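>
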Amino acid sequence: MDLSAAAMLEAKIHYVELEEFRTSWTRPLLYDNQTAEPAPASMPETADWRLVFDENILALVQHAVTPRGMYPDGADRAKIVADYLQLDKPRIVLGLRGFTGMIPSLYCEALKSTPFKPFDRFCSLPLSEMSWLPLIDSIRAAFPESEMLLYQAEKLHGREAQLLSEVTGIKASAFNLLENPERLGFSQEAVDWLHDVSKFRTVSRADVRSAVKALPKGAKRPGYAPWSEDEKGQLNAQYMRDLEVLRERAAQPENKLKIFEFR
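Adding 9 to a residue's 1-based position in the sequence shown gives its number in this note's numbering.
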């Protein structure tokens, strides 16, 4: 979105680029180890409304999946930011993703920035309890007057402008989006190697970088996959059930819930 700031400015939407937003508000408001004061909540007089985007508002990757659920503090964190920025009945946009792709991806992201831990310590939530519904319910409770827009993240790639148009009211062609550079992904071999190293010594950041560089995910090396086929089937079924429940809710106008369908 950073490349489309001019289009949003023209539409009288105040958007702060991601890193500046984190420095100004996410870290000072939500991180325990921060001493900096948050920036003022004011926005330019020329703006009609504010667009906020930061996936770290709900949680950092290492705190996304806990024994208490997925993003258990997400609603409280969102309320802190919304209250500080004086967002009255903000429209909330949330991307949902299937657990079999999302959880391993979060784990691999955590490997890059936090001390190594085995997957079963990173993801201690029982498989049967994985669901988006508790997070959505807690957000609805924190923002009872807000509209909520949900979308499936699996369908987003290449269609980002459609979603941004839905959110902002700006035509899709006005958005100038940066193509995501292809990044090296963790293969099963890379994570297995790090796990073996951890049995004998502390895994360093250099070890992680070396593993993903020497053993990247690719045609000859499958990506990291911690679950059996039966477990993946169970998780996919739970994700589909979540979507079914949410579609039923979206059919009731009083729920103020919409599921965005990509074209």
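Backbone N, C-alpha and C define an ideal beta-carbon position, used for all residues, glycine too. The model shown is predicted, which means the values in this text are computed figures rather than measured ones.
Give the single residue among P225, L105, R272 whose Cα lies nearest to the Cα of E253.
When only C-alpha atoms are compared, the closest one is L105.
> Take every Cβ of the stretch 100-118, pair it with every Cβ of the stretch 47-56, and state whether three or more of those distances are shorter than 8 Å.
No, the stretch 100-118 is not in contact with the stretch 47-56.
> According to DSSP, is I179 helix, strand or coil?
In this structure, I179 counts as coil in the three-state DSSP scheme.
> Is DSSP giving T75 helix, strand or coil here?
The answer is strand: DSSP assigns T75 an E or B state.
> What residues are listed by DSSP as bridge partners for R59?
Partner(s): H23.
> According to DSSP, is M157 part of a helix, a strand, or is it coil?
It is a strand residue.
> Entirely within the stretch 87-119 and at least 3 residues each: give me those beta strand (DSSP E) ranges in chain order.
You should have 101-105.
> Count Cβ pairs between the stretch 215-234 and the stretch 132-151 that sit closer than 8 Å; are there 3 or more?
The answer is no - the stretch 132-151 does not touch the stretch 215-234, with fewer than three Cβ pairs under 8 Å.
> Measure the C-alpha to C-alpha separation of T44 and S207 and round it to an integer number of angstroms.
Their backbone Cα atoms lie some 34 Å apart in a straight line.
> Consult DSSP for K267 and reduce its assignment to one of helix, strand or coil.
It is a strand residue.
> Just checking my contact of A183 with A16 at CB under 8 Å: how many whole Å lie between their CB atoms?
The Cβ separation is near 4 Å, so the contact holds.
> Is A15 close to chain D, meaning its C-beta is less than 9 Å from at least one C-beta of that chain?
The structure shown contains no chain D; it holds only a single protein chain.
> Classify K3 as buried or exposed, calling it buried when 16 or more other Cβ atoms lie within 10 Å of its own Cβ.
For the chain, the structure presents residues 10 to 272; residue 3 sits outside this window and is missing.
> Could you give the distance in angstroms between the alpha-carbon of E29 and the alpha-carbon of D239?
The alpha-carbon atoms of E29 and D239 are separated by roughly 43 Å.
> How about V61 and P99: do their beta carbons lie closer than 9 Å?
Yes.
> Quick check on this structure: which residue in A87, R192, Y233, R256 has the alpha carbon closest to the alpha carbon of Q161?
Of the listed residues, the one whose Cα sits closest to Q161 is R256.
> Quick check for students: name the residue ranges of the alpha helix (DSSP H) that lie wholly in the stretch 185-221, counting only runs of 4 or more.
With a minimum length of 4 residues, the continuous alpha helix (DSSP H) runs that stay inside the stretch 185-221 are 197-207.
> Opposite P225 in the DSSP bridges: which residues?
Paired residue(s): F195.
> Please classify A73 as buried or exposed, where buried requires at least 16 other C-beta atoms within 10 Å of its C-beta.
So A73 counts as buried.
> According to DSSP, is G83 part of a helix, a strand, or is it coil?
It is helical.
> Just to confirm my understanding: we take A84, look at its own chain, exclude 5 residues before and 5 after, and list those with CB closer than 6 Å. What are they?
Around A84: S147, I148, A151.
> Taking the alpha carbon of P135 as the point to measure from, which residue in T75, Y93, L165 has its own alpha carbon closest?
Considering only alpha carbons, the answer is T75.
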